[in-house]
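Under our numbering, the first residue of the sequence shown carries the number 69, and numbering increases by one thereafter.
Written out below as structure tokens is the structure these notes cover.
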Amino acid sequence: MNFDPTEEQALAVESFRRFVERDIQPLTQPLCDAPYPKEIAHALLKKVMEFGVGNGWVPAEEGGCGLDFLSSGLLFETLARVAPDLAGIAWVTEGAALKIQETASPELKARYLPGLVAGDLIGCSAISEPGVGSNVRELRTKAVREGRHFRLNGEKMWTSNATIADIVTVLARTGEDDFTMFLLDRREHDFKTYEISKLGLNGWPLCQVVLEDVMVSEENVLGTVGRGLKEVMKGFERSRCFVSVLALGIGQAAFDAARTYALERHQFGKPIAGHQLVQSLLAQMATDLDASRLLVHRALWLMAAGRRCEMEAAMAKSFTTEAVQRVASNALQIHGAFGVTREFPVERHFRNARMLTIPDGTTQINHLIIGKNITNISAFA
Ligand SMILES: Cc1cc2nc3c(=O)[nH]c(=O)nc-3n(C[C@H](O)[C@H](O)[C@H](O)COP(=O)(O)OP(=O)(O)OC[C@H]3O[C@@H](n4cnc5c(N)ncnc54)[C@H](O)[C@@H]3O)c2cc1C
């Protein structure tokens with residue numbers, strides 16, 4: 069086993085880290101407590117896409133950067149450490165690009181993929197609804213065929229990016245037990261989007277999407293009519309790895325801040341880092357991060373090798389997002405009262421970390437996936 073990144077990966081991460089700290093951090097720092105304005109999101113996306121972040125997993129022959137999953141994960145973590153909101157916007161756009169690359173007709177692909185992999189278009193994926201989260205099969209948004217069009221009605225919730233998105237992929241019910249994915253273009257389709265205010269990751273819009281009699285041409289179907297749920301499910305291994313990487317970046321930022329503070333802050337005549345119980349907190353944080361990183365890198369490595377990793381991605385996602393909450397909480401503890409103020413970044417890391425046990429399968433849902441793989445019995449049925 070080789071736990072070291074390749075020379076190429078190490079160089080790519082190092083040059084991206086320097087770029088992010090010099091060119092991205094000054095722009096994102098003042099923005100992290102309110103949703104990024106659309107034009108700023110585009111400008112920032114364009115910058116990070118030059119390094120393969122937001123388009124890395126799209127193959128080079130389709131206009132993306134064609135990075136392997138592990139390299140891409142390392143770059144995303146580097147960005148998430150400094151600007152997790154931007155990493156989220158980039159990932160969700162990349163998720164839309166991947167759906168189009170894998171399922172769209174050549175015409176749709178030619179129309180949308182180049183813009184998505186260049187940062188000219190922002191994408192999002194609308195699956196969840198007010199009454200439907202973990203059990204996607206219950207979704208109520210309907211698409212009813214009328215000649216060569218479908219009439220869409222319904223309400224989507226928690227759609228990341230939607231208020232700044234140019235295109236939305238929507239999963240809708242097209243039959244008793246079948247679902248279809250549609251591509252909606254803000255310039256052509258009259259859907260409405262609203263921002264939802266929330267606890268953390270406040271630069272990354274989280275939104276409601278309202279569809280009232282939206283007419284969508286059959287040419288905008290992604291994949292095959294009736295097979296949309298299967299197409300969506302295929303993306304979950306990737307997105308669970310991504311949420312884990314985002315969590316790792318946030319956790320690492322919290323750890324770095326706590327270590328620096330512990331070395332600088334003096335109590336009882338020495339740096340608090342010299343007190344055994346503070347060292348114990350730092351040790352637990354470092355161990356949580358390392359254990360998380362090993363699980364995440366294994367899942368990314370399996371994907372890079374073209375292997376399925378349903379259980380490994382569920383382990384990485386559930387463990388990392390829970391562990392990073394402990395890391396962020398301990399980082400806050402090490403800062404004492406300063407930790408709960410806006411003067412230090414750890415309260416934001418704490419709020420950001422708390423967001424991630426929910427999307428792309430809650431911790432409980434991921435445990436059920438692991439349980440199913442261990443026992444061969446599905447607790448969902
Ligand atoms: C930051 C963020 C970004 C998101 N981005 C998107 C997006 O881009 N697109 C999108 O479509 N959605 C998105 N979501 C929504 C997300 O996918 C859902 O919130 C998630 O699937 C859970 O659904 P829910 O919130 O309705 O909770 P519910 O499904 O109602 O679950 C509530 C609680 O019950 C538990 N529970 C449910 N079923 C079971 C069970 N069988 N066994 C044990 N426990 C169970 C859950 O673990 C949870 O604790 C996002 C959410 C967040 C927080």
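For glycine and all other residues, C-beta sits at the position ideal for the given N, C-alpha and C.
- Query: How about T431: is its Cβ closer than 8 Å to a heavy atom in ligand 1?
  - Reply: In the sequence shown, counting from the first residue as 1, residue 431 sits at position 363. T431: yes, Cβ under 8 Å from ligand 1.
- Message: Below 8 Å, is the gap between the Cβ of P427 and the nearest heavy atom of ligand 1?
- Response: For the purposes of this step, residue 427 is taken as the residue at position 359 of the sequence shown. Yes, the beta carbon of P427 sits closer than 8 Å to at least one heavy atom of ligand 1.
- Task: Within 10 angstroms of the Cβ of E162, are there 16 or more other Cβ atoms? Answer buried if so, exposed if not.
- Result: The residue labelled residue 162 in the question sits at position 94 within the sequence shown. With 16 or more Cβ atoms within 10 Å of its Cβ, E162 is classed as buried.
- Message: Could you check whether K210 and T261 sit closer than 9 Å to each other, using their CB atoms as the reference points?
- Response: Your numbering for residue 261 matches position 193 in the sequence shown. Your numbering for residue 210 matches position 142 in the sequence shown. For T261 and K210, no; Cβs fall outside 9 Å.
- Hey, how far is the Cα of S285 from the Cα of H217? As a position in the sequence shown, residue 285 is number 217, starting the count at 1. As a position in the sequence shown, residue 217 is number 149, starting the count at 1. Whole-angstrom Cα-Cα distance: 4 Å.
- Message: By the DSSP assignment, the alpha helix (DSSP H) with N221 in it spans what residues?
- Response: Along the sequence shown, read from residue 1 onward, the residue named residue 221 stands at position 153. Careful: N221 lies outside any alpha helix (DSSP H), inside the beta strand (DSSP E) at 217-228.
- As assigned by DSSP and simplified to three states, the class of M69: Reading the sequence shown from its first residue, position 1 is the one you call residue 69. It is coil, neither helix nor strand.
- Task: Find out if the Cβ-Cβ distance for the pair R376, L370 is shorter than 9 Å.
- Result: Numbered from 1 along the sequence shown, position 308 holds the residue referred to as residue 376. Numbered from 1 along the sequence shown, position 302 holds the residue referred to as residue 370. Yes, Cβ-Cβ distance for R376 and L370 is below 9 Å.
- Would you list, in sequence order, the uninterrupted alpha helix (DSSP H) runs of no fewer than 4 residues that lie entirely inside the stretch 163-244? 174-186
- Just to check, is the beta-carbon of C100 closer than 8 Å to a non-hydrogen atom of ligand 1? The residue given as residue 100 occupies position 32 in the sequence shown. C100 Cβ: outside cutoff for every heavy atom of ligand 1.
- For C100, which three-state DSSP category applies? Along the sequence shown, one-based indexing puts residue 100 at 32. C100: coil per DSSP, three-state reduction.
- Report yes if the CB atom of L135 is closer than 9 Å to the CB atom of A164, and no otherwise. As a working mapping, residue 135 is identified with position 67 in the sequence shown. As a working mapping, residue 164 is identified with position 96 in the sequence shown. Not in contact: L135 and A164 (Cβ atoms no closer than 9 Å).
- Item | Same chain only: Cβ atoms within 7 Å of G131, ignoring 5 sequence neighbours per side | Position 63 of the sequence shown holds residue 131. Excluding sequence neighbours, G131 sits near L181, P182, V185.
- Query: Mind checking whether the beta-carbon of L424 lies closer than 8 Å to any heavy atom of ligand 1?
  - Reply: Start at 1 with the first residue of the sequence shown, and residue 424 comes out as number 356. Correct: L424 has its Cβ closer than 8 Å to ligand 1.
- Message: Out of L138, C309, K266, which one is the CA nearest neighbour of E378?
- Response: Here the question's residue 378 lines up with position 310 in the sequence shown. Among L138, C309, K266, the Cα nearest to that of E378 is on C309.
- Message: Any heavy atom of ligand 1 inside 8 Å of the beta-carbon of V364?
- Response: In the sequence shown, the residue the question calls residue 364 occupies position 296. Flag unset: Cβ of V364 not near ligand 1.
- Item | First through last residue of the beta strand (DSSP E) which encompasses M383 | Looking up residue 383 in the sequence shown gives position 315. Here M383 belongs to no beta strand (DSSP E); instead the alpha helix (DSSP H) covers 378-402.
- Message: Tell me whether the stretch 107-125 and the stretch 333-342 touch, counting them as touching only if at least three CB pairs, one residue from each stretch, are closer than 8 Å.
- Response: no
- Message: For Q393, count the other beta carbons within 10 Å of its own beta carbon; 16 or more makes it buried, fewer makes it exposed. Which is it?
- Response: Here residue 393 refers to the residue found at position 325 of the sequence shown. Classification for Q393: buried.
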